[in-house]
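Visitor:
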């Protein structure tokens, strides 16, 4: 089917993203602990469709900003091993929680992905991040980084892979403070995820994957270490691997189907290899459909 015949349903997309900002349907109840990330996707989608101001009034934006800040676990330090950042939702805040005593519930902890999506959401909403406890969050980055350079998502998580390196790099970039990351060991870990195919697996030894390759390239790019890992022949091999992922969009890897989440991941960084950082403001409007 020719792309010229594709009818982009602009209004339905706007409606869908708008609905994600409200009460979720019952079949999505399992995602309640990740409401911060769902909020981010909804806001980012509306912003890309140039519809954020039409769907959210100034009061709506202010209330959303307040909600995000209420989910901040903040402290002047990480004494008593209490990481600081943002929760995914209020579902783990119990009636016994004291706002002046962090983590009174043993399961009430921050998550590195929720911290990243909270910061981006605040910026989309026009907040100046003045109420973000920057130093505490940066200190937490040190606490969550492992000796091999990777990051765990939270103190309750045993997972450590490129997804959370990407979140840590984004947080450091947004807060303009890289003192919380050992970029040398982080770069080494990413390099160890490079496969014989020329792309990146989620962990060392894993098969190359579109999503993990995005996390690797984006992290290296933000750290200004891209060409320390991907250069010369490796760069050409990676570009070829990415181009081979094309069908109607981009699939996640060799012999994989085309999930919606990967349709834009493969193409996001093909232009990163020219060595130039360019500000690009891409928006969609009804006339683009």
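Numbering (my numbering), first residue to last: 191 to 479. Glycine included, C-beta positions come from ideal geometry on N, C-alpha and C. The structure displayed is predicted, hence computed values, not measured ones.
#1: Could you spell out the range, first to last residue, of the alpha helix (DSSP H) harbouring residue 309?
#2: Would you please state the rounded distance, in angstroms, between the beta carbons of residue 230 and residue 307? I believe it to be under 8 angstroms.
#3: Which residues share a DSSP beta bridge with residue 341?
#4: Using the Cα positions of residue 381 and residue 429, report the straight-line distance between them to the nearest angstrom.
#5: Taking the alpha-carbon of residue 419 as reference, which of 431, 434, 379 has the nearest alpha-carbon?
#6: Note the first and the last residue of the continuous alpha helix (DSSP H) segment covering residue 400.
#7: Does any residue of chain C have a CB that is nearer than 8 angstroms to the CB of residue 318?
#8: Taking the alpha carbon of residue 323 as the point to measure from, which residue in 211, 276, 433, 432 has its own alpha carbon closest?
#9: If we ignore side chains and look at the alpha-carbon of each, how far apart do residue 384 and residue 397 end up?
#10: Confirm, please, whether the CB-CB distance from residue 245 to residue 238 is below 8 angstroms.
#11: What's the gap between the Cα of residue 393 and the Cα of residue 341?
#12: Can you tell me the Cβ-Cβ gap for residue 443 and residue 399, rounded? I've got them flagged as a contact below 8 angstroms.
#13: Do residue 430 and the ligand ATP come close, with the Cβ less than 7 angstroms from some heavy atom?
#14: I need the DSSP call for residue 261, collapsed to helix, strand or coil.
#15: Please classify residue 350: does DSSP put it in a helix, a strand, or coil?
#16: Between the Cα of residue 435 and the Cα atoms of 424, 421, 404, which residue gives the shortest distance?
#17: Using a Cβ-Cβ cutoff of less than 6 angstroms, which residues in the same chain neighbour residue 332 once the five nearest sequence positions on both sides are dropped?
#18: Going straight from the alpha carbon of residue 349 to that of residue 355, what length do you get?
#19: CB-CB under 8 angstroms to residue 203, same chain, minus the five flanking residues each way: which ones, in chain order?
#20: Mind checking which residues open and close the alpha helix (DSSP H) that includes residue 431?
#21: Which term fits residue 233, buried or exposed, when burial requires 16 or more other beta carbons within 10 angstroms of its beta carbon?
#22: Residue 208 to residue 362, Cα distance in whole Å?
#23: Residue 201 to residue 241, Cα distance in whole Å?
#24: Enumerate in chain order the residues of its own chain whose CB-to-CB distance from residue 325 is below 6 angstroms, with the five nearest sequence positions on each side excluded.
#25: Check for me: the alpha helix (DSSP H) holding residue 418 runs from which residue to which?
#26: Could you pull out every residue in the same chain whose Cβ sits closer than 6 angstroms to the Cβ of residue 360, ignoring the five residues on either side in sequence?
#27: Put residue 297 into one of helix, strand or coil per three-state DSSP.
#28: Could you give the residue range of the alpha helix (DSSP H) that holds residue 239?
Guide: Working from what's here:
#1: 302–314
#2: 4 angstroms
#3: 335
#4: 16 angstroms
#5: 379
#6: 400–412
#7: Judged by its chain identifiers, the structure shown contains no chain C, having just a single protein chain.
#8: 276
#9: 9 angstroms
#10: no
#11: 11 angstroms
#12: 5 angstroms
#13: In the structure on display, the ligand ATP does not appear, and there are no ligands present to speak of.
#14: coil
#15: strand
#16: 404
#17: 370
#18: 11 angstroms
#19: 235, 239
#20: 422–433
#21: buried
#22: 29 angstroms
#23: 10 angstroms
#24: none
#25: 416–419
#26: 306
#27: coil
#28: Element bounds for residue 239: n/a, residue is neither H nor E.
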